[in-house]
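Respectively, the protein sequence lines represent chains L, V, H, E, C and S. So the first sequence is numbered by my numbering: it starts at 1 and just counts up by one. So the second sequence is numbered by my numbering: it starts at 1 and just counts up by one. So the third sequence is numbered by my numbering: it starts at 1 and just counts up by one. So the fourth sequence is numbered by my numbering: it starts at 1 and just counts up by one. So the fifth sequence is numbered by my numbering: it starts at 1 and just counts up by one. So the sixth sequence is numbered by my numbering: it starts at 1 and just counts up by one. Beta carbons: idealized from backbone N, C-alpha and C, even for Gly. Every value quoted in this text rests on a predicted model; they were computed, and no experiment measured them. The next block holds one structure in the form of structure tokens; read it before the comments.
Protein chains: 6
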Amino acid sequence: MDVNDLFIVTKKGTFTTKNNTKYMSIALRDTTGVIEGKVWERVDELQDLFDKNDLVHVKSKSRLYQEKPQLNITDIRRIDDILSLDELKAFLPEGLRGNDLVREEFMGLLNGIQSPSIRSLFASFKEQSSLIDKFFAYPASIGVHHVYLGGLLEHSVAVAQMAKEAVKFVGGDQDIVIAGSLLHDIGKIDEMDIRGGFRYSDKGRLLGHISLGVMIFEDLVRKINDFPSQISDILKHIIISHHGVEEWGSPRKPMCIEALIVHYIDNLDAKVMGVREHMKESMEDELWTTYHRLYESRFYKIPVGIHGD
Amino acid sequence: MDVNDLFIVTKKGTFTTKNNTKYMSIALRDTTGVIEGKVWERVDELQDLFDKNDLVHVKSKSRLYQEKPQLNITDIRRIDDILSLDELKAFLPEGLRGNDLVREEFMGLLNGIQSPSIRSLFASFKEQSSLIDKFFAYPASIGVHHVYLGGLLEHSVAVAQMAKEAVKFVGGDQDIVIAGSLLHDIGKIDEMDIRGGFRYSDKGRLLGHISLGVMIFEDLVRKINDFPSQISDILKHIIISHHGVEEWGSPRKPMCIEALIVHYIDNLDAKVMGVREHMKESMEDELWTTYHRLYESRFYKIPVGIHGD
Amino acid sequence: MDVNDLFIVTKKGTFTTKNNTKYMSIALRDTTGVIEGKVWERVDELQDLFDKNDLVHVKSKSRLYQEKPQLNITDIRRIDDILSLDELKAFLPEGLRGNDLVREEFMGLLNGIQSPSIRSLFASFKEQSSLIDKFFAYPASIGVHHVYLGGLLEHSVAVAQMAKEAVKFVGGDQDIVIAGSLLHDIGKIDEMDIRGGFRYSDKGRLLGHISLGVMIFEDLVRKINDFPSQISDILKHIIISHHGVEEWGSPRKPMCIEALIVHYIDNLDAKVMGVREHMKESMEDELWTTYHRLYESRFYKIPVGIHGD
Amino acid sequence: MDVNDLFIVTKKGTFTTKNNTKYMSIALRDTTGVIEGKVWERVDELQDLFDKNDLVHVKSKSRLYQEKPQLNITDIRRIDDILSLDELKAFLPEGLRGNDLVREEFMGLLNGIQSPSIRSLFASFKEQSSLIDKFFAYPASIGVHHVYLGGLLEHSVAVAQMAKEAVKFVGGDQDIVIAGSLLHDIGKIDEMDIRGGFRYSDKGRLLGHISLGVMIFEDLVRKINDFPSQISDILKHIIISHHGVEEWGSPRKPMCIEALIVHYIDNLDAKVMGVREHMKESMEDELWTTYHRLYESRFYKIPVGIHGD
Amino acid sequence: MDVNDLFIVTKKGTFTTKNNTKYMSIALRDTTGVIEGKVWERVDELQDLFDKNDLVHVKSKSRLYQEKPQLNITDIRRIDDILSLDELKAFLPEGLRGNDLVREEFMGLLNGIQSPSIRSLFASFKEQSSLIDKFFAYPASIGVHHVYLGGLLEHSVAVAQMAKEAVKFVGGDQDIVIAGSLLHDIGKIDEMDIRGGFRYSDKGRLLGHISLGVMIFEDLVRKINDFPSQISDILKHIIISHHGVEEWGSPRKPMCIEALIVHYIDNLDAKVMGVREHMKESMEDELWTTYHRLYESRFYKIPVGIHGD
Amino acid sequence: MDVNDLFIVTKKGTFTTKNNTKYMSIALRDTTGVIEGKVWERVDELQDLFDKNDLVHVKSKSRLYQEKPQLNITDIRRIDDILSLDELKAFLPEGLRGNDLVREEFMGLLNGIQSPSIRSLFASFKEQSSLIDKFFAYPASIGVHHVYLGGLLEHSVAVAQMAKEAVKFVGGDQDIVIAGSLLHDIGKIDEMDIRGGFRYSDKGRLLGHISLGVMIFEDLVRKINDFPSQISDILKHIIISHHGVEEWGSPRKPMCIEALIVHYIDNLDAKVMGVREHMKESMEDELWTTYHRLYESRFYKIPVGIHGD
């Protein structure tokens with residue numbers, strides 16, 4: 001069966017068999033999952049035409065190897081055309097809750113905002129397709145949590161919803177909390193470049209999403225007449241302080257109630273969703289995951305039916 | 001005007017005037033606020049009869065000094081009778097939301113629990129007046145947040161409400177999250193002894209509310225037939241892990257989704273309410289508080305009317 | 001030669017040969033040491049019947065491979081019967097000093113106790129076979145120090161002996177120091193489950209030996225009439241503070257002289273014995289061990305005959 | 001002698017004498033030094049008219065008290081007019097090296113730049129008086145090092161000079177190193193507001209000079225046609241990484257040679273000059289300063305004539 | 001009553017009375033305790049003649065003030081003659097165990113050494129009066145533990161005794177452990193200069209007792225023919241690693257069993273004795289000390305008679 | 001082609017082929033680079049005759065394998081003769097700047113010293129060939145920066161040059177800064193033993209170059225009549241404090257201006273040169289290196305031609 005299609009390269013290695021034959025072993029991901037591929041011919045030529053994490057066009061024949069499908073690749077090369085986000089959706093993983101639902105919640109949150117300046121901020125935000133398209137399409141991170149198309153929106157909306165709820169109990173300015181929640185990770189659209197897979201951009205590595213976020217925000221504000229400077233400073237403060245402490249890359253600790261709320265709820269959502277993704281992939285047995293390097297722990301999954309029902 | 005009443009001693013010092021007259025300067029708190037007092041006679045005798053943080057009986061005359069009332073104390077001594085919690089209410093500060101509302105929310109949370117074992121756990125909990133009376137009466141801490149009668153209940157209920165909301169977005173077993181939220185700080189009823197003011201007990205200093213909490217919980221479970229050991233272990237895990245990391249005194253990090261939720265929401269409620277209490281007492285100007293030692297920061301209060309309304 | 005026996009599985013992996021034959025490579029430990037084994041047939045079936053760290057029953061033929069014996073395994077499956085500790089001794093490693101000597105020292109320590117309450121505490125302890133049998137049989141840790149049957153007793157007795165000596169120089173209540181030394185790690189009997197090899201139990205992972213230790217201790221005290229609550233609080237304090245600082249999982253720092261002594265002597269014994277076990281297994285040359293991950297260092301073994309004799 | 005002049009308030013307290021007379025004790029600084037002042041009349045009225053760190057207009061009579069001059073203040077109130085930087089010079093301390101010399105060095109550094117884009121960047125920078133005037137006038141910090149008018153320029157130029165020298169030995173792009181050195185602290189002109197003394201602005205406290213710096217820089221770049229985005233990203237990276245590690249408020253560690261050079265040389269200049277200012281004010285004896293809180297050390301001053309000459 | 005004697009100045013301040021009279025308030029310590037003194041005349045002249053921590057000669061008259069003796073000082077000046085250690089004993093505090101007993105234990109330890117090279121090391125050590133006199137006379141620290149004449153010897157001997165005992169349980173070369181224990185703090189004789197009170201020397205502040213210790217040791221070894229270089233390196237290693245981790249100023253972690261033993265036992269002795277001294281001076285009530293700044297904790301004193309006897 | 005020559009062994013492993021043939025795979029380095037070698041005969045005999053990092057004599061035949069030369073080794077054994085530094089040069093890598101230039105700079109620095117005592121110090125230093133030969137020959141570290149013959153000199157001279165320049169801007173005693181820069185790493189000549197490749201000596205591991213450095217320095221000073229003790233203490237202080245903080249193994253923080261300068265410039269030179277060596281070996285693409293374990297970061301290489309020329 002011929003397979004000619006676009007994939008993301010998730011692994012790439014060159015090896016030599018016992019008989020001194022060079023070959024490449026490659027893992028390729030599209031919307032349907034991950035598939036193994038081998039290059040047996042023109043190895044020297046083809047191996048310079050693409051890299052790990054690249055979006056590639058592949059020509060191959062599919063065969064079964066140890067009961068799993070494997071591609072015998074005859075041609076593979078990087079796609080240099082810039083794909084639109086719509087095209088990307090064809091082969092990158094998407095979120096679980098469904099984009100429509102999440103976008104609806106997003107609009108609902110915006111509709112609930114009372115502050116005139118913040119309303120006009122998001123009105124402008126929605127009109128700038130260079131922002132809103134990426135905000136709707138990007139994952140929330142490269143490899144930790146919400147690693148799928150639409151993940152950034154899903155994470156931002158979930159933080160806003162929970163933070164809005166928290167305001168009822170601990171107080172704070174609701175409009176600022178919602179705006180801060182929705183924008184806290186906005187720098188991610190410059191930190192990553194997803195047109196060739198989920199990767200950091202150069203400026204992302206050099207500057208990080210916190211610095212990039214305040215710059216995007218400042219750009220946004222510049223387009224609005226007489227945006228109040230105090231609100232602008234507070235929202236920037238929420239963006240730069242959302243990691244909570246200096247050790248985690250925030251140049252300032254959260255200093256107002258609104259920033260504290262966003263920080264803790266962001267942590268909660270990112271960490272729990274990260275643990276859930278780890279639970280999906282890395283259970284050691286029914287109850288325990290393997291050790292999670294970043295979180296420095298194993299995690300325990302409460303068994304179904306624990307309440308006896 | 002004669003003032004003969006019960007107070008908590010919040011400051012106590014002995015000084016000498018230029019003329020070599022010894023006197024004590026004392027600060028006394030009751031439900032109406034704090035008042036200064038001086039002891040000019042029988043200083044040597046009276047100063048051994050009470051200590052800072054004691055509940056004392058005071059005989060005095062009130063006078064004005066620099067336009068503020070001050071007590072001229074003629075007799076002051078520790079109350080050794082153990083006061084009931086009801087009696088304590090007469091002169092200790094109470095929470096803001098009103099006990100009735102908070103208790104109602106507490107009952108509402110219990111009514112929403114589905115798990116038979118957790119239902120019976122709280123049924124038993126409510127019947128043990130040695131537990132429930134303290135749980136309803138104690139503050140949530142000595143000096144940081146929710147420092148008033150009923151503060152422990154108010155904090156526990158607020159955590160449970162927000163955590164329940166979070167479950168809708170990040171998942172987790174709702175009954176375990178609610179039970180863990182309500183019980184995470186239960187050790188505080190042994191860590192403090194409030195009958196002579198808000199103070200740590202000896203066992204509180206030696207063992208801390210995390211260790212005391214698991215022991216209270218185990219005691220509770222022992223009274224219930226066949227309480228499932230897995231649920232018991234998970235709830236104990238939530239209690240011991242709620243500080244989140246070892247450095248903050250948790251012998252275990254949160255290892256399940258339910259424990260992560262309680263940890264982050266507990267942090268959020270405690271920190272924000274602590275900042276709010278700091279804002280009440282320690283504004284340096286209209287926008288900024290003074291430096292908070294424990295939180296290592298000043299805090300910024302969003303000005304009223306920032307949205308132009 | 002047929003080998004049909006019980007082993008602990010210390011490694012387990014499934015591989016494929018060049019010729020596409022699947023096989024398992026397994027390491028098995030019993031009292032005589034570690035042996036390699038291969039499964040060449042019924043791989044798919046057998047590999048689901050056991051896991052790493054399980055106690056298994058093995059049917060096999062022994063052969064020599066590169067001058068080392070290797071098992072050709074024809075059947076291997078988990079033992080689900082619960083073995084008694086006595087049975088375990090048949091194939092798990094034991095300590096070096098000899099159990100009889102260590103138990104004698106243990107009895108000697110108990111005999112030297114003057115405090116009536118602490119005497120009755122240990123009298124009761126010795127009578128509860130669910131406690132004392134495990135206390136005599138368990139290792140002191142899974143993989144760091146005293147990793148053999150009887151290791152927990154050996155470690156506890158050594159700490160008690162050295163701590164008792166320290167009291168002569170730095171003071172402290174000798175009976176409390178001895179009791180605290182003997183009980184500081186008692187939680188390990190719930191933290192591990194050794195009936196299927198040396199493994200953490202679920203509750204061990206969730207709660208840790210410090211929390212489990214105070215609960216076992218509280219259970220013990222509950223059975224004794226009028227055990228003085230101050231002594232109980234101090235001994236619990238020694239248990240929870242023995243790791244010394246919060247970062248190492250102690251919810252309280254040692255706050256009395258007795259707790260300080262137990263903490264430092266426990267550290268000394270655990271660390272030095274851990275280094276000695278590392279020296280036994282991992283010398284790079286005559287003088288230096290390889291790098292120890294946990295201790296973040298190489299270690300140096302003083303050469304024999306250094307004093308010229 | 002009448003003293004009617006402008007001062008900065010460096011201390012302000014209200015006290016009561018034995019005879020119940022209220023008075024204020026105030027410390028005032030101008031270019032000639034610090035002088036003590038007392039307010040004996042209209043205390044209640046005057047104390048609301050100014051705050052610590054304010055620039056005030058004072059009417060007073062000078063007298064000698066214990067051989068030191070002291071002001072008997074009859075009127076004191078905040079200056080609400082915004083003073084120009086030129087006016088400020090009249091009573092704020094200035095740097096030691098002389099502004100002319102330092103500005104000359106600054107111009108010399110700019111003249112040495114080869115890169116066309118960086119040349120046009122500074123050409124534009126020099127023309128924007130809102131930037132350049134503050135860059136020439138501001139101190140480098142509120143209270144640690146270079147705390148005087150022109151301190152920011154002096155520090156930036158010194159870092160650039162030393163960093164340029166370092167390039168000869170360790171390599172790196174000289175133009176980028178110079179530009180990065182000169183601009184690394186540019187955010188300080190927004191972090192502080194010196195028109196009422198050396199104080200943090202609200203946005204300074206909320207955002208910090210690192211975040212403010214990248215925004216000023218981005219503003220600067222926006223005015224230049226086709227400024228190369230790579231150079232822009234690298235210079236922003238130098239600004240945000242100059243504190244070196246996350247714990248010190250840098251959201252990114254230095255990741256290129258040029259950023260490393262600026263970081264280490266900035267540290268060297270700030271720390272040594274901070275120690276020198278401490279040595280000026282706080283020698284305990286001829287050799288040792290008092291303990292420096294921020295630097296957590298005493299410092300040792302090498303005695304003159306140590307080489308025997 | 002005239003008091004003309006030597007004292008250590010432990011506090012020194014200059015104040016002004018309401019009537020503009022300058023005076024000094026001074027605290028003086030000798031073997032009998034601490035006494036307050038006042039200087040009412042020639043204040044300007046006398047205050048330059050001595051400093052805090054100096055050994056001074058005082059001429060005064062004693063009187064009672066508020067029932068406590070107080071000195072009315074007429075002359076006070078620094079002693080510039082260098083006092084012999086014997087003379088110092090006349091007015092500096094001494095240890096509790098008695099010097100004779102401790103010296104006897106010291107000799108006993110030396111007699112037990114088998115290693116010929118270590119025997120000759122200490123033979124030489126005992127003969128160098130510049131070393132041994134200070135080793136016998138110095139305190140073990142300025143202000144934390146064993147702060148009295150002979151404290152260094154007492155601490156070193158106690159560590160050696162306990163470490164020797166530990167060798168029986170955990171192994172290690174006994175002679176090296178004893179030698180390392182006795183010499184681990186030898187650098188303190190250069191770090192402090194006690195002839196004018198217990199103070200750090202300049203070189204003590206610049207180099208610390210760890211670096212000074214290895215240099216003293218090297219000096220000692222140089223005088224012995226053919227001292228084995230391996231033993232020399234190991235003993236130096238014990239000296240430099242005895243603080244245990246880099247953060248506490250050890251340039252190396254303990255890397256051999258002997259160094260580990262000395263490190264833990266040194267910690268135990270220093271910490272417990274430091275806590276005991278804190279307990280002597282700073283009990284808040286019968287059970288609890290005040291907060292100890294360095295140790296970051298309160299401490300609990302087990303009540304006498306806790307075992308019911 | 002026969003290859004019979006001296007090499008350093010940089011890798012050594014023993015393996016078994018499918019056919020049960022044992023062989024060793026070895027990597028060998030000399031001045032011309034690294035070459036792979038295989039031992040196919042007398043494996044058991046030869047593998048005990050040398051170790052990784054040894055200087056070995058090799059007899060072999062060269063052949064091409066996958067287009068790279070490979071040695072077929074017939075004999076390989078450790079060189080036990082001690083090679084002179086001159087002989088070592090024949091096959092160990094050398095620095096880039098050229099030894100002659102660096103030595104000239106070194107002499108220039110010495111000639112610029114004014115202080116008579118420091119002049120005589122270096123006069124003596126140059127005469128002791130046991131010191132100066134190693135100082136000229138050693139690398140600056142085993143594996144991080146300046147890892148080549150002459151690296152120690154090159155690093156020391158670069159630090160001295162940059163530090164001398166810094167004195168012009170931040171002050172400090174120039175002679176002490178130069179002497180401190182040149183001697184700060186002198187302990188490395190005892191920490192390493194390069195006669196068998198670049199390796200740590202036993203005393204290097206046990207004591208570290210900071211402790212070894214002060215001892216070498218003290219030895220040096222002892223040979224000079226009346227070297228001023230203050231200068232000696234300051235230079236020792238520079239040596240022991242050059243790592244800057246206790247966590248990095250300095251028993252003292254830098255406490256004088258001269259020590260601060262050496263510390264920061266040393267850091268700058270070591271870190272930047274370390275990054276440059278990483279850039280030489282480990283670029284992932286044109287702009288980014290791979291992750292550097294020790295420095296915990298990737299690094300970015302500014303592209304050539306960035307300024308458009």
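Continuous alpha helix (DSSP H) stretch holding residue i: start and end
{"i": "E127(L)", "result": "116-127"}
{"i": "V304(E)", "result": "Neither: V304(E) is in no alpha helix (DSSP H) and is coded neither H nor E."}
{"i": "G150(H)", "result": "Segment: none, G150(H) is in no alpha helix (DSSP H) and carries neither H nor E."}
Cβ neighbour criterion (16 or more within 10 Å) applied to residue i
{"i": "Y264(E)", "result": "buried"}
{"i": "P116(E)", "result": "exposed"}
{"i": "K203(H)", "result": "buried"}
Test: residue i CB closer than 8 Å to a CB of chain S
{"i": "E165(E)", "result": "yes"}
{"i": "E258(E)", "result": "yes"}
Residue i to residue j span [Cα, whole Å]
{"i": "N225(L)", "j": "H292(E)", "result": "48 Å"}
{"i": "D133(L)", "j": "L85(L)", "result": "8 Å"}
{"i": "D100(L)", "j": "E277(L)", "result": "22 Å"}
{"i": "L235(S)", "j": "G180(S)", "result": "6 Å"}
{"i": "I73(C)", "j": "V56(C)", "result": "12 Å"}
Delimiting residues of the beta strand (DSSP E) encompassing residue i
{"i": "Q70(S)", "result": "68-78"}
{"i": "V39(L)", "result": "33-39"}
Residue i beta carbon near the ligand HEM (any heavy atom closer than 7 Å)
{"i": "R29(V)", "result": "Ligands displayed in this structure: none; no statement on the ligand HEM is therefore possible."}
Cutoff 8 Å: residue i Cβ touching any chain V Cβ
{"i": "S211(H)", "result": "yes"}
Cβ of residue i within 8 Å of any chain L Cβ
{"i": "Y264(S)", "result": "no"}
Chain L contacts made by the region 148-174 of chain V, where a contact means CB separation under 7 Å: A158, Q161, M162, E165, A166, F169, V170, G171, D173
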